[in-house]
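**Student:** First the structure, which I've put down as structure tokens, then a few questions once you've had a look.
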Amino acid sequence: MQILRDISSMKAWVKAQKATSRTIGFVPTMGALHEGHLHLLDTSRSKNDLTVCSIFVNPAQFNNAQDLAKYPRTFDKDAALLTQRGCDALFYPSTGEMYPEPSSVSIDFGELDKILEGKFRPGHFNGVALVVSKLLHIIAPDRAYFGQKDYQQFVIISTLVRNLQFDVQLICVPTIRESSGLALSSRNLRLSEEERTQATVLYQALKRVRQELLSGAMLQNILPEVETMFAAAGAQLEYLALADRKNLAILDRVTVPEECMLLVAAYIGEVRLIDNMFLTQGD
Ligand code: AMP
Numbered sequence: 464m465q466i467l468r469d470i471s472s473m474k475a476w477v478k479a480q481k482a483t484s485r486t487i488g489f490v491p492t493m494g495a496l497h498e499g500h501l502h503l504l505d506t507s508r509s510k511n512d513l514t515v516c517s518i519f520v521n522p523a524q525f526n527n528a529q530d531l532a533k534y535p536r537t538f539d540k541d542a543a544l545l546t547q548r549g550c551d552a553l554f555y556p557s558t559g560e561m562y563p564e565p566s567s568v569s570i571d572f573g574e575l576d577k578i579l580e581g582k583f584r585p586g587h588f589n590g591v592a593l594v595v596s597k598l599l600h601i602i603a604p605d606r607a608y609f610g611q612k613d614y615q616q617f618v619i620i621s622t623l624v625r626n627l628q629f630d631v632q633l634i635c636v637p638t639i640r641e642s643s644g645l646a647l648s649s650r651n652l653r654l655s656e657e658e659r660t661q662a663t664v665l666y667q668a669l670k671r672v673r674q675e676l677l678s679g680a681m682l683q684n685i686l687p688e689v690e691t692m693f694a695a696a697g698a699q700l701e702y703l704a705l706a707d708r709k710n711l712a713i714l715d716r717v718t719v720p721e722e723c724m725l726l727v728a729a730y731i732g733e734v735r736l737i738d739n740m741f742l743t744q745g746d
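Okay, structure coming up:
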């Protein structure tokens, strides 16, 4: 696996590969890789001649300095995992390389970046949109792979790519979970053993609420029991919402199950976790 740290060498690598008409799949990450990231890599490898991964902890998408400082960084292990799993190139730029000057570009996504994660993490999606635009510009992949776990991010990036007419196909890959149901996340590295058990409440709550909504309940009537579940697990619920899968418009009940999903965010100790589930997903 080639490791490229600057934009010009990354672009030169891409140019050389494209000259031989090979297709490129791209998997952007912030590192501290786990099986969820590696599943994106496997999915890309199965559909493209070459796969590029990136590792960049993007300061622009952190609205909390503590969260940025504490974000796990495990580069040597990550590079070994990517090599083992057949990644062709790793883009690993410094912050200075990606932000030679502070960016003043901001993109307004309307309601979409003000609800759910956007409400609790102001500026987060603007930072995501900025870095993904830069990465798509540098790597110019045929396909880019994102996880369903960060579903709102996927909808934001789909909007960005459509609006700015990037020539790339986006693929949303289902969430990989532990056997306990806990969605794999780099942030899980910050959980103690006990907190890992507490954290399964996100998945348990999603499954329970899904079942009740599918039996015709209104979300607002279920929320008190959801709050009790989180409190009993020692977790702090930020939101649990029902939304339209297409545009994340908030709903209060299920009309067409295939079109709906649940999204949740909660603190387990100091660690903020998110998860989601489609109403018709076979989890
Ligand atoms: P991150 O490094 O957390 O920015 O994640 C990089 C990519 O991996 C994003 O597209 C995430 O949605 C995806 N991802 C993170 N966790 C999982 C998971 N458990 N299953 C599948 N994809 C994931």
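Under our numbering, read the sequence shown as residues 464 to 746, first letter to last.
Even glycine gets a Cβ: it sits at the ideal position worked out from N, Cα and C.
1) On a CA-only basis, which of Gln465, His497, Glu675 and Phe617 is nearest Leu575? Give me that one, please.
2) Going by other Cβ atoms of all chains shown within 10 Å of its Cβ, with 16 needed for buried, is Lys540 buried or exposed?
3) Determine which residues share a DSSP beta bridge with Pro491 and list them.
4) Using the three-state DSSP reduction, which class does Phe572 fall into: helix, strand or coil?
5) With a 10 Å radius around its C-beta and 16 neighbouring C-beta atoms as the bar for buried, classify Glu690 as buried or exposed.
6) Start and end of the alpha helix (DSSP H) containing Leu736?
7) The alpha helix (DSSP H) spanning Phe693 covers which residue range?
8) Got a sec, what are the start and stop residues for the beta strand (DSSP E) Arg606 sits in?
9) If contacts are defined as beta-carbon pairs under 8 Å, then Leu742 and Arg673 qualify, I think. What distance do you get, rounded to the angstrom?
10) DSSP on Glu701, reduced to helix/strand/coil?
11) Give the DSSP-derived three-state secondary structure of Met724 in the structure shown.
12) Can you find the residues in the same chain that come closer than 8 Å, C-beta to C-beta, to Glu498, ignoring five residues on each side of it along the sequence?
13) Is Ile518 closer than 7 Å to Gly549 when the C-beta atoms are compared?
**Tutor:** This is what the structure gives:
1) Residue 575 sits at position 112 when you count from the first residue of the sequence shown. Residue Phe617 is the option with its Cα nearest to Leu575.
2) Locating residue 540 in the sequence shown gives position 77, where the first residue counts as 1. Exposed, since its Cβ has fewer than 16 Cβ neighbours within 10 Å.
3) Walking along the sequence shown from the start, residue 491 turns up at place 28. Looking at the DSSP assignment, Pro491 forms a beta bridge with Ser517.
4) Numbered from its first residue, the sequence shown carries residue 572 at position 109. Three-state result, Phe572: coil.
5) Taking the first residue of the sequence shown as position 1, residue 690 is located at position 227. Label assigned to Glu690: exposed.
6) The residue you call residue 736 lines up with position 273 of the sequence shown. Where Leu736 is concerned, there is no enclosing alpha helix (DSSP H), although the beta strand (DSSP E) it sits in stretches over Val734 to Phe741.
7) Here residue 693 is taken as the residue at index 230 of the sequence shown, counted from 1. Looking at the DSSP string, the run of the alpha helix (DSSP H) that includes Phe693 is Leu682 to Ala695.
8) Against the sequence shown, residue 606 aligns to sequence position 143. That run of the beta strand (DSSP E) goes Arg606 to Gly610.
9) Position 279 of the sequence shown, counted from the first residue, corresponds to residue 742. Position 210 of the sequence shown, counted from the first residue, corresponds to residue 673. Indeed they touch by this definition, with Cβ atoms about 6 Å apart.
10) As a first step, residue 701 is located in the sequence shown; it is residue number 238 there, counting from the start. Reduced to three states, the DSSP call for Glu701 is strand.
11) In the sequence shown, counting from the first residue as 1, residue 724 sits at position 261. DSSP places Met724 in strand when its eight states are reduced to three.
12) For this step, residue 498 is matched to residue 35 along the sequence shown. Closer than 8 Å at Cβ, skipping near neighbours: Ile639 and Leu647.
13) As a position in the sequence shown, residue 549 is number 86, starting the count at 1. As a position in the sequence shown, residue 518 is number 55, starting the count at 1. Result no, Cβ atoms of Gly549 and Ile518 do not sit closer than 7 Å.
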